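Read the structure below first, then the notes.
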(Lines of atoms letter the chains of each structure in order from A and count residues from 1; the text may use other names and numbers.)
(Lines give C-alpha, C1' and ligand atoms only; values in the text may rest on other atoms or scores of the structure.)
Protein backbone atom coordinates (compact mmCIF):
# COMPACT_ATOMS: atom_id res chain seq x y z
CA UNK A 1 0.00 0.00 0.00
CA UNK A 2 2.85 2.38 0.86
CA UNK A 3 4.64 1.69 -2.45
CA UNK A 4 1.38 2.21 -4.36
CA UNK A 5 0.81 5.54 -2.57
CA UNK A 6 4.36 6.67 -3.42
CA UNK A 7 3.84 5.78 -7.07
CA UNK A 8 0.58 7.74 -7.09
CA UNK A 9 2.28 10.77 -5.51
CA UNK A 10 5.09 10.61 -8.07
CA UNK A 11 2.67 10.37 -11.01
CA UNK A 12 0.21 13.03 -9.79
CA UNK A 13 0.94 16.42 -11.35
CA UNK A 14 0.66 19.72 -9.54
CA UNK A 15 -2.56 20.91 -11.19
CA UNK A 16 -2.31 24.43 -9.76
CA UNK A 17 1.19 24.88 -11.19
CA UNK A 18 0.10 23.43 -14.55
CA UNK A 19 -2.90 25.78 -14.66
CA UNK A 20 -0.65 28.79 -13.96
CA UNK A 21 1.74 27.75 -16.73
CA UNK A 22 -1.10 27.28 -19.24
CA UNK A 23 -2.56 30.69 -18.32
CA UNK A 24 0.86 32.35 -18.81
CA UNK A 25 1.32 30.65 -22.20
CA UNK A 26 -2.17 31.68 -23.31
CA UNK A 27 -1.60 35.24 -22.12
CA UNK A 28 1.68 35.33 -24.07
CA UNK A 29 -0.10 34.23 -27.27
CA UNK A 30 -2.73 36.94 -26.84
CA UNK A 31 -0.03 39.58 -26.29
CA UNK A 32 1.92 38.45 -29.36
CA UNK A 33 -1.28 38.67 -31.42
CA UNK A 34 -1.99 42.16 -30.06
CA UNK A 35 1.55 43.40 -30.69
CA UNK A 36 1.97 41.83 -34.14
CA UNK A 37 -1.43 42.48 -35.73
CA UNK A 38 -0.43 45.67 -37.57
CA UNK A 39 3.01 44.30 -38.44
CA UNK A 40 1.56 41.15 -40.02
CA UNK A 41 -1.13 42.99 -42.00
CA UNK A 42 1.49 45.49 -43.18
CA UNK A 43 3.57 42.59 -44.53
CA UNK A 44 0.54 41.11 -46.25
CA UNK A 45 0.46 38.12 -43.91
CA UNK A 46 -2.46 36.68 -42.00
CA UNK A 47 -2.97 38.72 -38.80
CA UNK A 48 -2.60 35.57 -36.71
CA UNK A 49 0.65 34.32 -38.30
CA UNK A 50 3.04 35.17 -35.46
CA UNK A 51 0.46 34.32 -32.79
CA UNK A 52 0.03 30.83 -34.28
CA UNK A 53 3.81 30.43 -34.35
CA UNK A 54 3.94 31.43 -30.66
CA UNK A 55 1.16 28.96 -29.88
CA UNK A 56 3.07 26.17 -31.62
CA UNK A 57 6.26 26.95 -29.69
CA UNK A 58 4.25 27.03 -26.46
CA UNK A 59 2.78 23.60 -27.26
CA UNK A 60 6.27 22.19 -27.87
CA UNK A 61 7.42 23.66 -24.55
CA UNK A 62 4.48 22.13 -22.67
CA UNK A 63 5.13 18.70 -24.20
CA UNK A 64 8.81 18.96 -23.26
CA UNK A 65 7.83 20.04 -19.73
CA UNK A 66 5.54 17.02 -19.30
CA UNK A 67 8.19 14.63 -20.61
CA UNK A 68 10.83 16.02 -18.27
CA UNK A 69 8.40 15.94 -15.34
CA UNK A 70 7.29 12.31 -15.78
CA UNK A 71 9.96 10.53 -17.83
CA UNK A 72 13.29 12.27 -17.19
CA UNK A 73 15.39 10.85 -14.35
CA UNK A 74 16.84 13.95 -12.70
CA UNK A 75 19.41 11.83 -10.84
CA UNK A 76 21.50 11.96 -14.00
CA UNK A 77 22.29 15.56 -12.98
CA UNK A 78 24.36 14.18 -10.08
CA UNK A 79 26.85 12.61 -12.50
CA UNK A 80 29.97 14.72 -11.89
CA UNK A 81 31.59 14.02 -15.26
CA UNK A 82 28.40 14.84 -17.15
CA UNK A 83 27.87 18.05 -15.17
CA UNK A 84 31.48 19.15 -15.75
CA UNK A 85 31.18 18.44 -19.46
CA UNK A 86 27.99 20.49 -19.67
CA UNK A 87 29.48 23.31 -17.58
CA UNK A 88 32.71 23.76 -19.54
CA UNK A 89 30.99 23.02 -22.85
CA UNK A 90 28.44 25.80 -22.26
CA UNK A 91 31.23 28.24 -21.33
CA UNK A 92 33.15 27.33 -24.48
CA UNK A 93 29.97 27.78 -26.52
CA UNK A 94 29.38 31.20 -24.93
CA UNK A 95 32.97 32.23 -25.70
CA UNK A 96 32.64 31.07 -29.32
CA UNK A 97 29.96 33.72 -29.91
CA UNK A 98 32.82 36.21 -30.29
CA UNK A 99 34.09 34.27 -33.32
CA UNK A 100 31.18 32.44 -34.93
CA UNK A 101 28.23 34.37 -33.52
CA UNK A 102 25.73 36.13 -35.75
CA UNK A 103 24.80 39.76 -35.21
CA UNK A 104 21.22 40.76 -34.53
CA UNK A 105 20.04 44.20 -33.41
CA UNK A 106 23.65 45.34 -33.05
CA UNK A 107 24.74 42.51 -30.73
CA UNK A 108 26.55 39.19 -31.23
CA UNK A 109 24.78 36.86 -28.80
CA UNK A 110 23.45 34.06 -30.97
CA UNK A 111 24.85 31.08 -32.86
CA UNK A 112 23.23 29.71 -35.99
CA UNK A 113 22.93 25.92 -36.09
CA UNK A 114 21.08 24.82 -39.20
CA UNK A 115 17.97 26.98 -39.34
CA UNK A 116 17.87 27.54 -35.59
CA UNK A 117 19.43 30.38 -33.60
CA UNK A 118 20.52 29.56 -30.06
CA UNK A 119 21.73 31.86 -27.29
CA UNK A 120 24.57 30.08 -25.42
CA UNK A 121 24.08 32.20 -22.28
CA UNK A 122 20.82 30.33 -21.65
CA UNK A 123 22.74 27.05 -21.39
CA UNK A 124 25.27 28.73 -19.11
CA UNK A 125 22.52 29.66 -16.63
CA UNK A 126 21.48 26.03 -16.23
CA UNK A 127 25.09 24.80 -16.22
CA UNK A 128 26.03 27.14 -13.35
CA UNK A 129 23.12 25.87 -11.24
CA UNK A 130 24.06 22.22 -11.83
CA UNK A 131 27.82 22.67 -11.39
CA UNK A 132 27.50 24.83 -8.29
CA UNK A 133 24.95 22.48 -6.73
CA UNK A 134 27.18 19.48 -7.45
CA UNK A 135 30.12 21.26 -5.81
CA UNK A 136 28.07 22.18 -2.73
CA UNK A 137 26.77 18.63 -2.29
CA UNK A 138 30.32 17.25 -2.35
CA UNK A 139 31.50 19.85 0.19
CA UNK A 140 28.35 20.40 2.25
CA UNK A 141 30.15 19.76 5.55
CA UNK A 142 32.95 22.23 4.74
CA UNK A 143 31.16 24.95 2.77
CA UNK A 144 31.93 27.55 5.47
CA UNK A 145 35.65 27.19 4.82
CA UNK A 146 37.00 30.26 2.95
CA UNK A 147 38.70 28.08 0.31
CA UNK A 148 35.41 26.38 -0.60
CA UNK A 149 33.55 29.69 -0.65
CA UNK A 150 36.22 31.02 -3.01
CA UNK A 151 35.97 27.94 -5.27
CA UNK A 152 32.18 28.25 -5.33
CA UNK A 153 32.36 31.89 -6.34
CA UNK A 154 34.89 31.07 -9.07
CA UNK A 155 32.37 28.62 -10.52
CA UNK A 156 29.96 31.55 -10.77
CA UNK A 157 32.33 34.35 -11.81
CA UNK A 158 34.14 32.51 -14.63
CA UNK A 159 31.03 31.93 -16.79
CA UNK A 160 29.65 35.35 -15.78
CA UNK A 161 32.82 37.02 -17.04
CA UNK A 162 32.78 35.04 -20.30
CA UNK A 163 29.14 35.95 -21.00
CA UNK A 164 29.66 39.65 -20.19
CA UNK A 165 33.06 40.24 -21.84
CA UNK A 166 33.08 37.82 -24.79
CA UNK A 167 29.34 37.45 -25.23
CA UNK A 168 28.69 41.19 -24.68
CA UNK A 169 25.57 40.21 -22.73
CA UNK A 170 25.51 42.14 -19.47
CA UNK A 171 21.88 41.33 -18.65
CA UNK A 172 22.45 37.56 -18.81
CA UNK A 173 25.69 37.98 -16.87
CA UNK A 174 23.80 39.75 -14.09
CA UNK A 175 21.21 36.96 -14.01
CA UNK A 176 23.92 34.27 -13.80
CA UNK A 177 25.75 36.18 -11.06
CA UNK A 178 22.50 36.72 -9.16
CA UNK A 179 21.55 33.04 -9.33
CA UNK A 180 25.00 32.05 -8.10
CA UNK A 181 24.86 34.60 -5.26
CA UNK A 182 21.51 33.26 -4.01
CA UNK A 183 22.75 29.65 -4.08
CA UNK A 184 26.00 30.53 -2.31
CA UNK A 185 24.18 32.59 0.32
CA UNK A 186 21.71 29.78 1.03
CA UNK A 187 24.43 27.15 1.56
CA UNK A 188 26.85 29.06 3.79
CA UNK A 189 26.49 30.51 7.26
CA UNK A 190 29.07 33.28 6.94
CA UNK A 191 26.63 36.18 6.72
CA UNK A 192 29.42 38.75 7.18
CA UNK A 193 30.87 37.77 3.82
CA UNK A 194 27.62 38.73 2.14
CA UNK A 195 27.26 41.96 4.05
CA UNK A 196 30.64 42.86 2.61
CA UNK A 197 29.43 41.79 -0.83
CA UNK A 198 26.32 43.98 -0.50
CA UNK A 199 28.50 46.95 0.50
CA UNK A 200 30.71 46.29 -2.51
CA UNK A 201 27.66 46.10 -4.78
CA UNK A 202 26.30 49.42 -3.50
CA UNK A 203 29.71 51.00 -4.07
CA UNK A 204 29.78 49.64 -7.63
CA UNK A 205 26.32 51.07 -8.33
CA UNK A 206 27.40 54.55 -7.31
CA UNK A 207 30.68 54.12 -9.21
CA UNK A 208 28.89 53.14 -12.42
CA UNK A 209 26.43 56.01 -12.02
CA UNK A 210 29.32 58.45 -11.63
CA UNK A 211 31.08 56.97 -14.66
CA UNK A 212 27.90 57.41 -16.72
CA UNK A 213 27.63 61.05 -15.62
CA UNK A 214 31.20 61.98 -16.67
CA UNK A 215 31.41 60.00 -19.93
CA UNK A 216 30.18 61.81 -23.06
CA UNK A 217 27.25 60.28 -24.90
CA UNK A 218 28.19 57.37 -27.17
CA UNK A 219 31.81 57.26 -26.03
CA UNK A 220 33.52 54.41 -24.20
CA UNK A 221 35.24 55.15 -20.86
CA UNK A 222 39.03 55.47 -20.98
CA UNK A 223 39.69 52.50 -18.71
CA UNK A 224 40.84 49.08 -19.91
CA UNK A 225 38.49 46.14 -19.20
CA UNK A 226 35.86 48.57 -17.87
CA UNK A 227 35.26 49.83 -21.39
CA UNK A 228 34.55 46.21 -22.40
CA UNK A 229 32.05 45.66 -19.60
CA UNK A 230 30.53 49.17 -19.72
CA UNK A 231 30.84 50.50 -23.28
CA UNK A 232 29.30 53.82 -24.20
CA UNK A 233 25.89 52.48 -25.21
CA UNK A 234 25.42 50.85 -21.79
CA UNK A 235 26.31 54.06 -19.99
CA UNK A 236 23.83 55.85 -22.26
CA UNK A 237 21.13 53.44 -21.06
CA UNK A 238 21.91 54.29 -17.42
CA UNK A 239 21.54 58.01 -18.08
CA UNK A 240 18.33 57.44 -20.00
CA UNK A 241 16.98 55.20 -17.24
CA UNK A 242 17.41 58.08 -14.79
CA UNK A 243 15.91 60.68 -17.12
CA UNK A 244 14.57 59.46 -20.50
CA UNK A 245 13.71 63.04 -21.53
CA UNK A 246 17.42 63.77 -21.98
CA UNK A 247 17.19 61.79 -25.25
CA UNK A 248 13.49 61.64 -26.14
CA UNK A 249 13.86 60.70 -29.82
CA UNK A 250 16.43 57.89 -29.55
CA UNK A 251 17.45 55.95 -26.43
CA UNK A 252 14.76 57.54 -24.28
CA UNK A 253 11.94 56.99 -26.77
CA UNK A 254 10.75 53.60 -25.49
CA UNK A 255 10.84 54.48 -21.76
CA UNK A 256 8.86 57.65 -22.47
CA UNK A 257 6.26 55.71 -24.48
CA UNK A 258 6.00 53.20 -21.64
CA UNK A 259 5.40 56.02 -19.13
CA UNK A 260 2.78 57.56 -21.41
CA UNK A 261 1.06 54.18 -21.76
CA UNK A 262 0.91 53.79 -17.97
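Numbering (the numbering used here), first residue to last: 40 to 301. Built from N, CA and C at the ideal position, the CB exists for glycine as well. All of these numbers come straight from a predicted model, not from anything done at the bench.
- DSSP lists 156 as the beta-bridge partner residues of residue 151.
- The beta-carbon separation of residue 209 and residue 203, rounded to 5 angstroms, stays under the 8 angstroms limit for a contact.
- Sequence-distant Cβ neighbours of residue 133 in its own chain, meaning closer than 8 angstroms and more than five residues away, are 159, 160, 162, 163, 198, 201, 202, 205, 206.
- Taking a 10 Å sphere around the C-beta of residue 187, we find 16 or more other C-beta atoms and assign the residue as buried.
- Around residue 283, the same chain offers 291, 294, 295 as residues with beta carbons nearer than 6 angstroms, after the five sequence neighbours per side are excluded.
- Exposed is the label assigned to residue 155, since fewer than 16 other Cβ atoms lie within 10 Å of its Cβ.
- With a contact defined as Cβ atoms closer than 8 angstroms, residue 182 and residue 227 qualify at about 5 angstroms.
- Counting along the chain, the unbroken beta strand (DSSP E) around residue 142 starts and ends at 141-143.
- In the structure shown, the three-state DSSP call for residue 251 is helix.
- About 7 angstroms separates the CB atoms of residue 269 and residue 250; that is less than 8 angstroms, so the two are in contact.
- In this structure, DSSP gives residue 218 a helical state, which the three-state scheme calls helix.
- Rounded to whole angstroms, the separation of the alpha carbons of residue 86 and residue 224 is 48 angstroms.
- For residue 57, the uninterrupted alpha helix (DSSP H) run begins and ends at 54-81, by DSSP.
- Contact annotation: the region 88-97 does not touch the region 113-130, with fewer than three C-beta pairs closer than 8 angstroms.
- In chain order, 89 place their CB closer than 8 angstroms to the CB of residue 78, counting only its own chain and leaving out the 5 sequence neighbours on each side.
- Within its own chain, the residues whose Cβ lies closer than 6 angstroms to the Cβ of residue 271, once the five positions on either side in sequence are excluded, are 257, 258, 259, listed in chain order.
- In this structure, DSSP gives residue 170 a helical state, which the three-state scheme calls helix.
- The C-alpha of residue 175 lies about 8 angstroms from the C-alpha of residue 191.
- Using a C-beta cut-off of 8 angstroms, the region 53-60 makes no contact with the region 69-77, since fewer than three inter-stretch Cβ pairs fall below that distance.
- In the DSSP assignment, residue 190 falls within the alpha helix (DSSP H) that extends over 185-200.
- Taking 8 angstroms as the cut-off, the Cβ atoms of residue 215 and residue 247 do not count as close.
- Per DSSP, the continuous alpha helix (DSSP H) segment holding residue 274 begins and ends at 271-281.
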